[in-house]
Amino acid sequence: MPDATPPASAPRHRRRRLLCGALALLGASAALQAGAGGRIVSINLCTDQLLLLLAPRSRIASVSHLAANPLYSAYADRADGLPVNHARIEEIVAQDPSLILAYQYSDGQLVRLLRQLGYRVEVIPAPDTLEDVAAAIATAARVLDEAHAGARIVAQMQEHLQSMAGSAPRRRPLAVIYAPDGYSPGAASLSGAILAAAGFRNLSAELGNAHGANLPLEQLLRAQPDLIIIDDDEADKHSLAQRKLTHPALRQGLPAATTVRLSGRYWSCPTPKVVDAVADLRAYR
Amino acid sequence: MRSLPPLPLNLLLLAMLAGSLALELCSGPFPLDLLGAVTGSQLDALVFWQIRLPRAMLALLVGACLGLSGAAMQGLLRNPLAGPGLLGVSNCAALGAVVTFYFGLAGMAWYMLPLGGLLGAGCGVSLIFFLAGRQASILTLTLAGVAINAVASSLISLALNFSANPYALSEIVFWLMGSVADRSRADIAIALPFMVLGWACLATTGRFLTALNFGEESAQSMGYAVNRLRALVIAGVALTVGAAVSVSGNIGFVGLVVPHLIRPWVGGEPGRLLFPSALAGGSLVLLADAAVQWLSPQQELKLGVITALVGGPFFLGLIYQMRRQVL
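Take a look at the structure:
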């Protein structure tokens with residue numbers, strides 16, 4: 001397989017090394033844990049998707065109320081007909097789950113209380129890099145006793161990523177992700193990682209925003225990015241934050257830029273769909 | 286302090302306004318050569334005409350509305366602690382705007398948003414007038430304002446909560462604290478007609494407010510149609526505050542502070558206070574917005590943070606001076 005350009009290759013090696021570690025871990029834990037059973041509750045959109053991806057439907061007690069919404073969830077079809085919860089303590093306790101999946105951004109008070117009540121709560125970390133995505137899938141697979149399924153998915157993901165990296169062109173156009181209220185994620189964010197993997201430079205990162213910041217409209221116009229990725233799934237809603245995305249200066253000031261809308265369900269959670277997001281984005285280079 | 290004749294005072298305030306406007310136009314994430322921008326490169330011209338100028342004009346207009354309505358309310362209620370923010374009129378206007386904006390009514394016609402603000406402000410100012418009334422003590426009036434403010438701001442939060450808007454939480458802050466960031470000419474276009482109408486109402490009431498200063502009976506005996514003129518002041522306040530708040534949120538303390546700063550220069554005459562208060566209000570909001578951009582270029586502060594930082598201590602000082610009257 002032809003190798004990528006030098007700047008892209010270094011992180012890729014690191015990624016592969018990390019992945020090998022994750023896979024070794026998977027094997028070990030699968031050997032230790034036998035059988036499963038019980039009923040599993042997920043209280044966050046991201047853990048919903050991991051649960052729907054990794055575990056058979058029969059093991060699921062409930063998913064969060066967003067899991068079946070195709071606007072946010074990449075596996076919405078699989079959630080159809082499943083009971084839902086709203087991450088409220090009494091709902092969860094009533095289902096007497098054997099395992100509760102929570103996300104890094106879940107309500108910490110709720111997680112603490114559930115643990116105090118004797119429930120097993122596993123908190124899946126939120127990813128900032130594609131390596132983190134693989135690690136999060138592996139962690140979820142381990143706690144769900146579905147290590148084999150997890151390893152297979154991670155391997156497929158990795159293969160898909162490498163096949164794309166092999167054909168990386170040299171040019172790295174300047175892109176910006178622009179979310180309602182002008183928020184633009186930096187390099188240390190999942191969206192930033194997807195952008196980098198697709199071979200784009202990230203305007204927000206170049207302006208020194210590690211995690212992300214609100215970019216004033218003027219700053220966006222001065223930088224003249226080649227690609228503007230509008231991160232707004234709910235264009236039909238009325239909010240001041242979204243009105244900023246339709247400011248006349250944005251239309252008139254960047255005549256040469258390509259504008260695309262990203263579908264947030266591929267961009268916000270650690271699922272293999274982030275690789276699809278990378279693939280979609282590469283079409284705009 | 287000796288009062289100044291109207292012309293020199295207004296010229297002085299106009300000069301201040303021009304200076305504040307220039308400062309605001311120079312504020313932003315990038316240095317912009319103003320003279321060059323007006324005619325110069327495409328990008329600079331775009332930034333100037335589409336981003337900085339609309340923002341500055343909006344700050345100026347909103348400030349003028351707030352200063353003017355503060356002066357009018359202090360005259361009408363004969364109460365130095367009156368002002369659209371403190372007495373809850375601004376929050377009522379914000380509530381009206383919130384209801385029209387987040388439930389899709391604002392998309393039906395250009396005038397719906399300011400109309401919502403106008404109706405809200407109208408309810409607020411009428412409520413204050415009929416509740417605290419003509420002879421209310423400063424204490425009664427201020428407490429009525431506290432209650433109206435509390436109800437209106439919690440209704441704003443409640444309405445936003447029901448609005449199925451994913452950004453509701455951050456936008457509650459906008460409506461309660463105010464901002465003119467990243468506004469376009471469209472915002473000025475929808476608010477300006479209502480503002481002009483409000484200014485027209487208030488401009489005719491200057492002499493009446495001066496007469497009212499000596500009491501209702503005196504004003505009546507001097508030949509003023511007290512009830513009609515009072516209604517005109519209420520309408521003018523509702524129009525100016527409603528239009529301003531519906532495009533900028535509730536920028537606090539401007540209407541309270543500005544008339545106090547001007548009063549010594551006009552010899553305490555409520556009628557002569559109106560026009561200078563509008564000019565000074567414009568300057569104050571322009572300066573506050575320049576400060577916002579200078580203090581936090583990335584994560585912009587809300588304007589109300591700055592005006593409250595200035596206005597809050599001023600208000601305390603005012604209470605200290607008046608504490609015998611208040612209690």
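So the protein sequences, as listed, match chains A and B. My numbering applies: residue 1 is where the first sequence begins, and numbers increase by one. My numbering applies: residue 286 is where the second sequence begins, and numbers increase by one. Even for Gly, the Cβ is constructed at its ideal location relative to N, Cα and C.
Beta-carbon proximity of residue i to residue j, cut-off 8 Å
i: V570 (chain B); j: A344 (chain B); result: yes
i: P555 (chain B); j: L494 (chain B); result: yes
i: E456 (chain B); j: L445 (chain B); result: yes
i: V511 (chain B); j: A504 (chain B); result: yes
i: A341 (chain B); j: E309 (chain B); result: yes
i: S312 (chain B); j: W579 (chain B); result: yes
i: G402 (chain B); j: G567 (chain B); result: no
i: P339 (chain B); j: I473 (chain B); result: yes
i: T139 (chain A); j: I153 (chain A); result: no
i: L372 (chain B); j: G405 (chain B); result: no
i: P314 (chain B); j: P582 (chain B); result: yes
i: N364 (chain B); j: I423 (chain B); result: yes
i: S64 (chain A); j: L45 (chain A); result: yes
i: A563 (chain B); j: G360 (chain B); result: no
i: W460 (chain B); j: L289 (chain B); result: no
i: A429 (chain B); j: I413 (chain B); result: yes
i: I60 (chain A); j: I40 (chain A); result: yes
i: A179 (chain A); j: D128 (chain A); result: no
i: L254 (chain A); j: L221 (chain A); result: yes
i: L215 (chain A); j: A175 (chain A); result: no
Backbone CA spacing between residue i and residue j [nearest angstrom]
i: W334 (chain B); j: R142 (chain A); result: 57 Å
i: D329 (chain B); j: G463 (chain B); result: 27 Å
i: A187 (chain A); j: D145 (chain A); result: 33 Å
i: H160 (chain A); j: P451 (chain B); result: 33 Å
i: L559 (chain B); j: L320 (chain B); result: 33 Å
i: A573 (chain B); j: L514 (chain B); result: 33 Å
i: Y183 (chain A); j: A213 (chain A); result: 6 Å
i: W395 (chain B); j: F479 (chain B); result: 12 Å
i: A303 (chain B); j: G602 (chain B); result: 29 Å
i: G596 (chain B); j: S469 (chain B); result: 28 Å
i: R171 (chain A); j: A283 (chain A); result: 13 Å
i: T613 (chain B); j: G508 (chain B); result: Outside the modelled stretch of chain B, which goes from 286 to 612, sits residue 613 (chain B), for which no answer is possible.
i: R608 (chain B); j: E234 (chain A); result: 52 Å
i: L398 (chain B); j: A523 (chain B); result: 14 Å
i: Y105 (chain A); j: A417 (chain B); result: 48 Å
Reduced DSSP secondary structure (H/G/I, E/B, other) of residue i
i: A36 (chain A); result: Because A36 (chain A) carries a pLDDT of 36, less than 50, the predicted location of this residue cannot be relied on, and the following value inherits that uncertainty. The answer is coil: DSSP assigns A36 (chain A) none of H, G, I, E or B.
i: Y105 (chain A); result: coil
i: Q248 (chain A); result: Note that residue 248 (chain A) is Pro in the sequence shown, not Gln. If DSSP states are grouped into helix, strand and coil, P248 (chain A) belongs with the helices.
i: V465 (chain B); result: coil
i: L25 (chain A); result: Since pLDDT at L25 (chain A) reaches only 45, below the 50 mark, its modelled position is unreliable, and the value read off the structure follows with that caveat. In this structure, L25 (chain A) counts as helix in the three-state DSSP scheme.
i: E585 (chain B); result: coil
i: A134 (chain A); result: helix
i: Y605 (chain B); result: helix
i: N209 (chain A); result: coil
i: P314 (chain B); result: coil
i: P127 (chain A); result: coil
i: P399 (chain B); result: helix
i: C269 (chain A); result: coil
i: A61 (chain A); result: strand
i: A4 (chain A); result: In this predicted model, A4 (chain A) has a pLDDT of only 36, less than 50, meaning its place in the structure is not dependable; the value taken from the coordinates is given anyway. If DSSP states are grouped into helix, strand and coil, A4 (chain A) belongs with coil.
i: N446 (chain B); result: helix
i: D145 (chain A); result: coil
i: R470 (chain B); result: helix
Residues sharing a beta bridge with residue i, DSSP
i: I228 (chain A); result: A:V176, A:T259
i: L346 (chain B); result: Partner(s): none; L346 (chain B) has no beta bridge.
i: V481 (chain B); result: Paired residues: none, contrary to the question.
i: E122 (chain A); result: A:L101
i: S184 (chain A); result: A:A213
i: N85 (chain A); result: A:S64
Chain A contact residues for residue i, given Cβ-Cβ distances below 7 Å
i: N450 (chain B); result: K237, H238, S239
i: F459 (chain B); result: L240
i: P314 (chain B); result: P216, E218, Q219
i: G618 (chain B); result: Residue 618 (chain B) lies beyond the range of chain B shown here (286 to 612); nothing can be said about it.
Partners in chain B for residue i, counting only beta-carbon separations shorter than 8 Å
i: D181 (chain A); result: Y452, S455
i: E234 (chain A); result: P451
Listed by chain order, chain B residues near residue i by CB distance under 9 Å
i: H247 (chain A); result: Q335, I336, D467, R468, S469
i: R222 (chain A); result: P314, F315, L328, V332
Proximal residues of chain A, C-beta to C-beta of residue i below 8 Å
i: G389 (chain B); result: H238
Beta-carbon neighbours of residue i, restricted to chain A and to distances below 9 Å
i: F386 (chain B); result: H238, S239, L240
Interface partners of residue i on chain B, CB under 7 Å
i: E206 (chain A); result: The premise fails here: E206 (chain A) is roughly 14 Å from chain B at the closest Cβ pair, so nothing lies under 7 Å.
i: G253 (chain A); result: L328, L331
i: K273 (chain A); result: Under the 7 Å cutoff, chain B gives no residues; its nearest Cβ is about 20 Å from K273 (chain A).
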